[in-house]
Amino acid sequence: MPIVEAHPNRQADRMGIGALDRALERAGRHHPAGAGAKILADLCSPYASVAEGIAAAVAMRKQGRRAAAVALAAPVAIAVGNALKHVVHRPRPASMRFRRKGRQSFPSTHVAAPLALISCLWWAAPPTVVWRSVLTLCGGAVVAVAVERVCAGAHWPSDVAAGALLGGIVGSAIGLASRPKGETA
62 MPIVEAHPNR QADRMGIGAL DRALERAGRH HPAGAGAKIL ADLCSPYASV AEGIAAAVAM
122 RKQGRRAAAV ALAAPVAIAV GNALKHVVHR PRPASMRFRR KGRQSFPSTH VAAPLALISC
182 LWWAAPPTVV WRSVLTLCGG AVVAVAVERV CAGAHWPSDV AAGALLGGIV GSAIGLASRP
242 KGETA
């Protein structure tokens, strides 16, 4: 099925979609890495991130407030991301292919939700080598998801960058707020 460009360049520029976004999206659509990252995109879907956060909170249940923070990180990032989508009204690069999945592109909650969970865990979980290693590997998976979202035509590169920023800020804020006063990393 041929990909239909969502908007001509003039309209795309009015929507805040710059030439760099368009060039990277076109190159990514045809890159072979996009197909392999689809599995990771499903594992890092916003709703899977909520379930993963709840599972991590259960594993950390003896840590009380920190466990609750971990369970909240992804849902808060999703809520903020969806609110921003309704304010910004930015179309997806291949909006004709995504009618059922929502037409708004900015920011990517596929990136924001898992990164919020990872960021929150970075601050809330015990700073052991095991936790930090696992979280670093998970961060690599989120990068692969960001690439897949662009290659699939679901997001512009700046959408995934904004999702990463949103997830990092939300997750870090929630994770840091869950720590007792005066505690350092």
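In case it helps, this note's numbering puts the sequence shown at residues 62 to 246. Backbone N, C-alpha and C fix where the C-beta goes; we use that ideal spot for every residue, glycine too.
Fewer than three beta-carbon pairs drawn from the stretch 118-131 and the stretch 203-212 are found closer than 8 Å, and the two stretches are therefore not classed as touching.
Between the alpha carbons of Gly214 and Val221 lies a gap of roughly 12 Å.
Taken through DSSP and simplified to helix, strand or coil, Pro152 comes out as strand. Between the beta-carbon of Ile179 and that of Gly232 there is about 7 Å, and that keeps the pair under the 8 Å contact cut.
Under the DSSP assignment, Trp183 falls in the alpha helix (DSSP H) whose first and last residues are 170-185.
Rounded to whole angstroms, the separation of the alpha carbons of Gly142 and Arg164 is 14 Å.
As DSSP reads the structure, Gln124 sits in no beta bridge. The criterion of a C-beta distance shorter than 8 Å is satisfied by Leu196 and Trp183.
If you compare the alpha carbons of Ile139, His216, Ala177 with that of Leu237, the shortest gap goes to Ala177. Across the structure, Val190 and Gly200 are spaced so that their CA atoms are roughly 15 Å apart.
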